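Undergrad: So that we are looking at the same thing, I have put the structure below in structure tokens.
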Amino acid sequence: MNELAAPVSQPASAEDERYMRLALALGRRNLGHTWPNPAVGAVIVKDGIVLARGWTQQGGRPHAEAEALRRAKKAAQGATMYVTLEPCSHQGKTPPCADAIARAGITRVVSAMEDPNPEVAGKGHERLREKGIAVDIGLCANEARRAHAGHISRITRGRPHVMLKLAVSADGKAGLAGRKQAAITGEEARERVFQLRAASDAILVGIGTILSDDPQLTCRLPGMFDHSPVRIVLDARLHLPLATSVAATVRETPTWVFASTKASPIAEEILQQKGCKVFRVEDSNGELDLQQVLKRLAEEGITRLMVEGGPTVAASFVAGGLIDEAALLRGHKTIGPSGIEPLEGMPLGALTGNMTSQGTEKLGADVIESYVRT
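For the sequence shown, numbering that gives the first Met the number 0 assigns the number 0 to the initial residue and increments by one for each residue that follows.
Shown next, in the form of structure tokens:
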């Protein structure tokens with residue numbers, strides 16, 4: 000039975016919902032840093048008291064349930080566990096969480112959703128019930144699906160969940176003439192971009208953005224640099240200069256380069272010696288096959304991809320129908336008629352017209368608009 004959208008087996012109380020929302024908040028703590036595993040949150044409660052909290056650790060292990068059980072110790076006997084994704088039932092690099100929950104004496108599990116992973120897919124819930132544990136499924140399921148969108152996409156579609164970030168001036172431009180960088184948004188908006196990066200497994204740009212802007216593509220918030228995502232560069236001909244930030248700092252923050260199958264093997268060897276990881280995919284007239292790029296990223300374990308530039312790459316993802324959500328930063332400054340468009344060769348409505356608005360938020364003098372695929 001597919002329980003992704005199944006209701007809970009008994010009416011959820013306000014207390015149940017409160018604890019599940021706490022679990023969802025805990026799961027977000029390492030979002031972007033647990034791949035290839037999902038970022039799960041877990042809470043153990045008994046007699047109205049939170050005994051322990053857990054969330055998937057960096058690198059994907061230990062799992063959230065194991066962390067919460069470790070902290071609760073013997074107090075978990077007779078308690079309820081709230082978890083944002085079905086506990087695993089298979090032996091991987093760690094023992095099944097379902098078995099650990101049963102051994103700890105947990106008597107009820109409230110699970111937000113079934114895991115679409117075929118190795119689990121209801122088997123974890125079934126194993127818990129076989130152990131005599133009451134299982135309720137579906138509380139805050141919509142929120143859980145959003146939280147685990149990357150995991151779900153990688154399992155069911157064989158590609159990461161893709162978010163496009165665009166910064167657009169008050170007059171609808173994305174940069175200066177000649178593809179020169181322009182300061183479109185203020186400090187509050189830049190900090191939000193760093194937060195978006197920190198919650199992503201990887202960030203992708205084209206070689207044009209690298210050559211024109213030389214971005215660092217890191218998370219430059221106090222204490223958050225180690226939350227910087229893997230940097231992905233689309234560089235069909237392997238023209239990436241070694242002096243650019245993404246190549247020069249590859250030992251600090253990984254850089255992966257996607258190139259055409261026809262690109263120079265010598266250039267590939269040089270980049271590999273520098274520390275970059277190089278992947279080859281098919282291309283058409285110098286444009287890399289984005290479906291192949293996403294497939295390879297999923298095979299490497301990437302679940303959440305942030306596409307950040309520039310207009311040509313952004314337009315290619317939009318044209319391919321590959322955007323799952325978008326963050327549109329609207330600055331209060333103007334650039335003028337000579338500025339470049341945010342999407343090469345297409346209106347901005349080609350993106351927003353096919354998505355559903357999730358609302359806006361003020362960031363100082365600027366605004367961020369959020370969209371999801373319709």
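All C-beta atoms, glycine included, are put in the ideal place defined by N, C-alpha and C. Quantities reported herein were computed from a predicted structural model and do not represent experimental measurements.
(1) For a test of the three-state rule: what should DSSP assign to residue 0, helix, strand or coil?
(2) DSSP puts residue 107 in a beta bridge; with which residues?
(3) Have a look at the DSSP bridge pairing and note the partners of residue 205.
(4) If we count Cβ pairs, one from each stretch, closer than 8 angstroms, do we get three or more for the stretch 133 to 141 versus the stretch 158 to 169?
(5) Determine the direct distance from the alpha carbon of residue 109 to that of residue 273, and round the result to whole angstroms.
(6) For residue 312, collect the residues of the same chain with a Cβ closer than 8 angstroms to its Cβ; drop the 5 residues on either side in sequence, then sort them by chain order.
(7) Closer than 8 angstroms is the cut-off here; do at least three beta carbon pairs connect the stretch 185 to 193 with the stretch 356 to 372?
(8) Using the three-state DSSP reduction, which class does residue 175 fall into: helix, strand or coil?
(9) Is residue 223 helix, strand or coil when you go by DSSP?
(10) Rounded to whole angstroms, what's the CA-CA distance from residue 7 to residue 81? Just pull it up for me.
(11) Buried or exposed: which applies to residue 1, given that a residue is buried once 16 or more other Cβ atoms fall within 10 Å of its Cβ?
(12) For residue 13, count neighbouring Cβ atoms within 10 angstroms of its own Cβ and tell me buried if that reaches 16, exposed if not.
(13) Considering only C-alpha positions, which residue in the set 95, 84, 100 is nearest to residue 78?
(14) Where do the ends of the beta strand (DSSP E) carrying residue 307 lie?
(15) Residues in its own chain within less than 6 angstroms of residue 4 by CB, not counting five upstream and five downstream?
(16) Could you give the DSSP three-state label for residue 379: helix, strand or coil?
(17) For residue 241, does the count of other Cβ atoms within 10 angstroms reach 16, so buried, or fall short, so exposed?
(18) Buried or exposed for residue 349, please, with buried defined as at least 16 other CB atoms from any protein chain shown within 10 angstroms of its CB.
(19) Sort out for me which residues DSSP pairs residue 370 with in a bridge.
(20) Can you tell me whether residue 334 is buried or exposed, with buried defined as 16 or more other CB within 10 angstroms of its CB?
(21) Starting from the Cα of residue 58, find the closest Cα among 44, 70, 28, 68 and give me that residue.
(22) Could you tell me which residues DSSP pairs with residue 265 in its beta bridges?
(23) What three-state label does DSSP hand residue 151 in the structure shown?
(24) Say whether the stretch 146 to 164 touches the stretch 314 to 324, bearing in mind that this needs 3 or more beta-carbon pairs closer than 8 angstroms, one atom from each stretch.
(25) Looking only at C-alpha atoms, which of 47, 32, 215 sits nearest to residue 17?
(26) What whole-angstrom Cβ distance do residue 51 and residue 71 have, given they're in contact under 8 angstroms?
(27) What would DSSP say about residue 43, mapped onto helix, strand or coil?
(28) Taking a contact to mean a Cβ-Cβ separation below 9 angstroms, would you say residue 236 touches residue 262 in this structure?
(29) Just confirm the distance between the C-beta atoms of residue 297 and residue 144, as a whole number of angstroms; I'd bet it's less than 8 angstroms.
(30) Within 10 angstroms of its Cβ, does residue 265 collect 16 or more other Cβ (buried), or is it exposed?
(31) Does DSSP classify residue 63 as helix, strand or coil?
(32) Could you give the DSSP three-state label for residue 16: helix, strand or coil?
(33) Please classify residue 252 as buried or exposed, where buried requires at least 16 other C-beta atoms within 10 Å of its C-beta.
(34) If you reduce the DSSP assignment to three classes, tell me which class residue 71 lands in.
TA: On the basis of the supplied data:
(1) For residue 0, the pLDDT reaches just 37, beneath the cut-off of 50, and the residue's location in the model is therefore unreliable, although a value from the coordinates is still provided. Reduced to three states, the DSSP call for residue 0 is coil.
(2) Note: residue 107 sits in a beta bridge opposite 79, 133.
(3) In DSSP, residue 205 forms a bridge with 233.
(4) No contact exists between the stretch 133 to 141 and the stretch 158 to 169.
(5) Straight-line Cα distance between these residues: approximately 48 angstroms.
(6) Sequence-distant partners of residue 312 (beyond 5 residues in either direction) whose C-beta falls short of 8 angstroms from its own C-beta, in its chain, are 203, 204, 205, 207, 208, 233, 306.
(7) Because the criterion of three Cβ pairs below 8 angstroms is met, the stretch 185 to 193 and the stretch 356 to 372 touch.
(8) If DSSP states are grouped into helix, strand and coil, residue 175 belongs with the strands.
(9) Three-state DSSP puts residue 223 in coil, outside helix and strand.
(10) Confidence at residue 7 is low in this model, with a pLDDT of 41, below 50, so its placement is unreliable and no value can be given for it.
(11) Low per-residue confidence applies at residue 1: pLDDT is 40, beneath 50, and the placement is therefore not dependable, though the value from the model is reported in the following sentence. Burial call: exposed.
(12) Counting Cβ neighbours within 10 Å, residue 13 comes out exposed, since fewer than 16 surround it.
(13) Comparing Cα positions, the closest option is 100.
(14) The continuous beta strand (DSSP E) containing residue 307 extends over residues 303 to 308.
(15) Its pLDDT being 38, under 50, residue 4 is placed unreliably in this model, and the coordinates cannot settle the point.
(16) Nothing about residue 379 can be read from this structure; the chain reaches only from 0 to 373.
(17) Exposed is the call here.
(18) Flag for residue 349 reads exposed.
(19) Answer by DSSP bridge pairing, in chain order: 325, 356.
(20) By the 10 Å Cβ count, residue 334 comes out buried.
(21) Of 44, 70, 28, 68, the residue nearest in Cα terms is 28.
(22) For residue 265, which the question treats as bridged, DSSP gives no partner whatsoever.
(23) Judged by DSSP in its simplified three-state form, residue 151 adopts helix.
(24) Yes, the stretch 146 to 164 is in contact with the stretch 314 to 324.
(25) Each of 47, 32, 215 was checked against the Cα of residue 17, and the nearest Cα belongs to 47.
(26) Contact between residue 51 and residue 71 holds: their C-beta atoms lie close to 4 angstroms from each other, under 8 angstroms.
(27) Residue 43 falls in the strand class under three-state DSSP.
(28) Yes, these two residues count as a Cβ contact at 9 angstroms.
(29) Actually they are not in contact, since the Cβ atoms of residue 297 and residue 144 sit about 18 angstroms apart, beyond 8 angstroms.
(30) The residue in question, residue 265, is exposed, as its Cβ has fewer than 16 Cβ neighbours within 10 Å.
(31) The answer is helix: DSSP assigns residue 63 an H, G or I state.
(32) Under the three-state reduction of DSSP, residue 16 is assigned to helix.
(33) Buried: at least 16 other Cβ atoms inside 10 Å.
(34) If DSSP states are grouped into helix, strand and coil, residue 71 belongs with the helices.
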